[in-house]
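Everything on this sheet refers to the single structure shown next.
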Amino acid sequence: MPTLPDELYQELCNALDGEDKIVTISPLSAAHDAFIYRLALTDGSRCVAKMSPQGGDDLEVFMLNYIHDKGDLPIPDIIYASDTLIVMSYIAADWQRSAKADEHAADLLAHMHMVEADFYGFERDTTIGSLIQPNDRSDDWIKFFIDQRLLYMGRAALEEEKIKAAQMKKLEKLCNKIPEIFGKTDISTPRLIHGDLWDGNILAVEDKIAAFIDPSIYYADPEVELAFTTLFDTFGKAFFRRYNEHIPIRAGFFEERCDIYNIYALLVHARLFGISYARRAEHIMDRFL
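Residue numbers (the working numbering): 35 to 323.
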């Protein structure tokens, strides 16, 4: 078995009612400040343990339950949860999703994107990866996106030397132009979004989505969610065709707003994974400056 921190291993054993219930522990992945394992148990079942020595797992469970309770998204069964450990059901997901699974994802996400609030943001700050995501309430989506997404993440990246001062100046110039660019179309009322939709957070079995994991929730114009899925080609054409049947995608999204929205995701990735993502963000800025 892998060597686990003693305190977390003891907590895991207690969560499963004893060390003798565990047959094997196999590493699945490491995610920022967390370690994820697949466990085989004596009753023949399997589960997943996500261990976060720095804490934060209680927020993840809160967000999972929120998208399930408010947005009807499927999530894994939560077996045990604390600030440092989540134990949840194991889902043997397909390596690749089918077009039908993408259509099912569109059905589910469009349904969640109809959940409204009176404000953009959220009742508390959330996280994206291991990074704080501020959510002060706002009645102005464009101002919220500029101040609490682009400028907040850009300044944090600059402080950590993940972007250059010249890149930050370009970001500030672009932020001055965003009201004009976004003002060409209507803005959605605040809608609930998952916030971190890439392949690893979408678990499909055959032609259905079995679960969504690792959300970064807040209330937003859901275009920002659609944009994120284009950054790493999360979904294919079948997804966008089906989604458009539920919620028509507004003119100008793919041509302009999509790339601007993705600057935020690229700044997040620059802080987490390195400066190459800052260069990608700069290429988008240059297009609009």
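Glycine is no exception: its CB is placed at the ideal position from the N, C-alpha and C atoms.
Since the structure is predicted, the reported quantities are computational estimates derived from the model, not experimental observations.
Close CB contacts of A238 within its chain, under the 7 Å cut and outside five residues either way in sequence, are with A127, D128, R131, A135, A244 (chain order). In this model, I70 and C81 are separated by some 11 Å (Cα to Cα). For the pair I227 and A254, the CB atoms are nearer than the 8 Å cut-off. The Cβ-Cβ distance between F274 and I294 does not fall below 8 Å. P213 counts as exposed, since fewer than 16 other beta carbons sit within 10 angstroms of its beta carbon. In the three-state scheme derived from DSSP, where H, G and I count as helix and E and B as strand, A135 is classed as helix. As summarised for the stretch 36-77, the continuous alpha helix (DSSP H) elements at least 4 residues long and confined to that stretch are 40-49, given in chain order.
In this structure, the beta-carbon distance from G90 to T161 falls below 8 Å.
Within the stretch 153-215, the beta strand (DSSP E) runs of at least 3 residues that lie entirely inside it are, in chain order, 160-162, 165-167. K55 and D77 have their C-alpha atoms spaced approximately 8 Å apart. Counting every other CB atom within 10 Å of its CB across the protein chains shown gives Q182 a total of 16 or more, marking it as buried. Taken atom to atom, the span from the alpha-carbon of I101 to that of P249 is near 8 Å. Residue pairing by DSSP puts F246 in a beta bridge opposite I236. Taking the Cα positions, I176 is about 30 Å away from P108. Out of D40, H303, P61, the CA that lies nearest to the CA of E194 is found in H303. Here M319 is buried. Its C-beta has 16 or more other C-beta atoms within 10 Å.
Note on F216: 16 or more other CB atoms within 10 angstroms of its CB, so buried under the neighbour-count rule. Within 10 angstroms of the beta-carbon of S63 lie fewer than 16 other beta-carbons, which makes it exposed. DSSP, read as helix, strand or coil, puts K104 in coil. Taking the CA atoms as reference points, C209 sits about 18 Å from P168. Apart from sequence neighbours up to five positions away, the residues of its chain that approach M97 with a beta-carbon distance below 6 Å are P249, I251, ordered along the chain.
The C-alpha of A151 is placed about 34 Å away from the C-alpha of K196. Taking C-beta atoms as the reference points, V149 and A49 fail to come closer than 8 Å.
If you compare the alpha carbons of A191, L142, D40, F269 with that of S310, the shortest gap goes to A191.
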